[in-house]
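This report concerns only the one structure given below.
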Amino acid sequence: MEPATLLPTHNPPHPGDTRRTAPRSANQAVRAPRQRRAVRPRSTLAAPIPDEPLVVVVTGPAAARPGTVLGALLGAPLPVPADRPGDAFVVVRHAERRAVAAYLPGRRAPQPYGSTAPGSAPARPPRRIEVSLPDPLLRHLALVEAPDTGTLDAAATRVLLDVAGRGALLFVTAAGHHPDGPEVALLAGAARAGVPVLFAGTPAGDPAADAGAGLDAQRAAVTAAVPALAGAPWFAVRGGTDPAELRRALVERAGVADLRRVADRSPVPATGGAVRVAADALEPDWAAWLDRLVRSAAHLARQRLAVELAGLHLRCLRDIVAGAGPAGLPDRLDRELHALSLRAVATAGTDLTRIVDETARHVFGRADREIRDRLVDAVRHGLSDDPAVADLERVLLVTTTAGVASVTGPAAVAALSAYPVPPGRALLPPFGMALSAGCYGHWRNPANADPARARAWLQRAVRATELELLAETSRRYGAAGRALSLVITEAVDHGILLV
1 MEPATLLPTH NPPHPGDTRR TAPRSANQAV RAPRQRRAVR PRSTLAAPIP
51 DEPLVVVVTG PAAARPGTVL GALLGAPLPV PADRPGDAFV VVRHAERRAV
101 AAYLPGRRAP QPYGSTAPGS APARPPRRIE VSLPDPLLRH LALVEAPDTG
151 TLDAAATRVL LDVAGRGALL FVTAAGHHPD GPEVALLAGA ARAGVPVLFA
201 GTPAGDPAAD AGAGLDAQRA AVTAAVPALA GAPWFAVRGG TDPAELRRAL
251 VERAGVADLR RVADRSPVPA TGGAVRVAAD ALEPDWAAWL DRLVRSAAHL
301 ARQRLAVELA GLHLRCLRDI VAGAGPAGLP DRLDRELHAL SLRAVATAGT
351 DLTRIVDETA RHVFGRADRE IRDRLVDAVR HGLSDDPAVA DLERVLLVTT
401 TAGVASVTGP AAVAALSAYP VPPGRALLPP FGMALSAGCY GHWRNPANAD
451 PARARAWLQR AVRATELELL AETSRRYGAA GRALSLVITE AVDHGILLV
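Following this line, the structure appears as structure tokens:
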């Protein structure tokens, strides 16, 4: 196992110190580069995205036994201990050999999971447990057992919807169960995001009872709560029987998803015609215009993240005082940081794609898919060639001292996600935030069950996280802006898009 190297990046001020410390590189400018680097020649095809099976996220109330339904789809229970951490996602994928591994934030390598030997428990709960099985169904589907809906809060819902957005949501409900507030929020969020939702009804008491008897009542209750899901398909699943109809529906949906993915993500052939610079782009202020565009987007992103952090702080405080107390602080804060990381990455992706499109319209007079893909590919290559931002794939870890340390590298970032993200065409490399293992050991120790100390530690940790997150946001926007500026500089100088 490769040891993680922690590089301290910020020492938080003492609680009594009222001096303000500005984030590093908070106003980093986007300038046209003075030294030109060789621009990569334009390729005729964009790089294809590797094929991925349809992701089906299985969740529901604990009484409905969603894990049992997942096991029935596979024909056998999962080889994962029943007492696994409640926030962990279990990802079941196809492989030639059976294996179980846990992915822990702060560790670059996956850890063996499932041993009952003393001292074999991980130092902190994993966010993801991967189960590899040689099941033919998994050639079409990747099944994900999400935490049951009894543990849902706003942060957990955001994480679950992020995973379900890669495929579909299978909501397992028991006869007589009416969706509560968090479940309605989850289902409504899936409907708004366009995530396909399927329902599986199970019997409430005897697992061998007929689940179809109460299916109409269950459907009516869900439709009344979330009218947008009135047309969602329902399947009756009875314990001890093979859910062949549900399995067949999922495989058919996977086939449709494959066809759609081929249509949406197929490589875009170059048109053969030159993409020429528009006449009004030759004005000398284009670099200043791009600089203002990137600065404005970064400023708004920092404002939104600061507001999110303030809400995160309040929710964790409320949990310390009226919830699980100091012992529950690590789970709650790690879940909140996970959701905030997803928000930060999504915001940056949306903002920078918009900037690329606006720049294309400003410089070339149009912003179609071919130009966008070529510009994004060139910016991504420019970032990989820039030694000043070689560590954009970074994990920010909150430490026991309420500071923030970092672990860099793609393997470290991959350990953060609830579902393994395949390489795609994202403009910026991903990053994330989490709690270090030491925080779990510290606050779960009964000797540290002091709410006042927990509140003080939380305040310092949130402040340190804010400084690092806002600085990292500025750095990432600035790096992307400089890389885009290089591409546009070459285009303006030559009158044609060269990449």
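As numbered in UniProt numbering, residues 1 to 499 make up the sequence shown, in order.
By construction, the Cβ of each residue, glycine as well, lies at the ideal position given by its N, Cα and C atoms.
C-alpha of leucine 141 to C-alpha of proline 110: approximately 22 Å in a straight line. Rounded to whole angstroms, the Cβ separation of alanine 191 and valine 197 is 7 Å, and the two are in contact under 8 Å. In the three-state reduction of the DSSP assignment, serine 132 falls in the strand class. The beta carbons of leucine 397 and alanine 390 sit no closer together than 8 Å.
DSSP places histidine 177 outside both helix and strand once states are collapsed to three, so it counts as coil. DSSP places threonine 408 within a strand segment (E or B) once states are collapsed to three.
Under the Cβ criterion (8 Å, minimum of three pairs), the segment 171 to 183 does not count as touching the segment 428 to 448. Counting every other CB atom within 10 Å of its CB across the protein chains shown gives glycine 231 a total below 16, marking it as exposed. By the neighbour-count definition (other C-beta atoms within 10 Å, threshold 16), leucine 78 is a buried residue. In the DSSP assignment, threonine 59 falls outside any alpha helix (DSSP H) and lies within the beta strand (DSSP E) extending over 54 to 59. Boundaries of the beta strand (DSSP E) harbouring histidine 94: 89 to 94, taken from the DSSP string.
Of the residues assessed, serine 384 falls on the exposed side of the cut-off, its CB having fewer than 16 other CB atoms within 10 angstroms. The straight-line gap separating the alpha-carbon atoms of proline 330 and tyrosine 440 is approximately 6 Å. Arginine 366: not part of any beta strand (DSSP E); DSSP gives it neither H nor E. Straight-line measurement puts the Cα of serine 485 at about 8 Å from the Cα of leucine 290. Non-local beta-carbon contacts of arginine 84 in its own chain, meaning distances under 7 Å to residues more than five positions away in sequence, involve Ile129 in chain order. Excluding the 5 residues flanking it on each side, arginine 374 has same chain C-beta neighbours closer than 6 Å at Val499, in chain order.
Histidine 338 counts as buried, since no fewer than 16 other beta carbons sit within 10 angstroms of its beta carbon.
Between the C-alpha atoms of glycine 328 and alanine 447 there is a straight-line separation of about 14 Å. Taking the Cα of valine 487 as reference, the smallest distance to any Cα among Leu342, Val277 and Ala254 is reached at Val277.
Valine 307 is classed as exposed because its beta carbon has fewer than 16 other beta carbons within 10 Å across all chains shown.
Around the C-beta of arginine 139, fewer than 16 other C-beta atoms lie within 10 Å, and the residue is accordingly described as exposed.
In the displayed model, glycine 432 falls within a strand according to three-state DSSP. Proximity to arginine 93 across Gly165, Gly214 and Val57 peaks at Val57, based on C-alpha coordinates.
CA-CA distance, glutamine 303 to glycine 106, rounds to 27 Å. Your pair leucine 392 and alanine 479 checks out as a contact, with CB atoms roughly 7 Å apart and the cut at 8 Å. By the C-beta criterion, the segment 149 to 156 is judged not to be in contact with the segment 96 to 105, since fewer than 3 inter-stretch pairs fall below 8 Å.
Taking a 10 Å sphere around the C-beta of aspartate 319, we find 16 or more other C-beta atoms and assign the residue as buried. Membership of alanine 99 in the beta strand (DSSP E) is indicated by the continuous run 99 to 103.
Non-local beta-carbon contacts of alanine 193 in its own chain, meaning distances under 7 Å to residues more than five positions away in sequence, involve Leu161 and Gly165 in chain order.
Between the alpha carbons of alanine 221 and alanine 88 lies a distance of about 29 Å. Nearest C-alpha to glutamate 145 among Pro182, Ala72 and Ala217: Ala72. Taking a contact as a CB-CB distance under 8 Å, the pair leucine 186 and threonine 157 counts as one, their CB atoms being some 5 Å apart.
Secondary structure at glutamate 252: helix, using DSSP grouped into helix, strand and coil. Here glutamate 490 is buried, its C-beta having at least 16 other C-beta atoms within 10 Å. Residue Gly349 holds the alpha-carbon nearest to the alpha-carbon of threonine 473 among Gly349, Gly403 and Val421.
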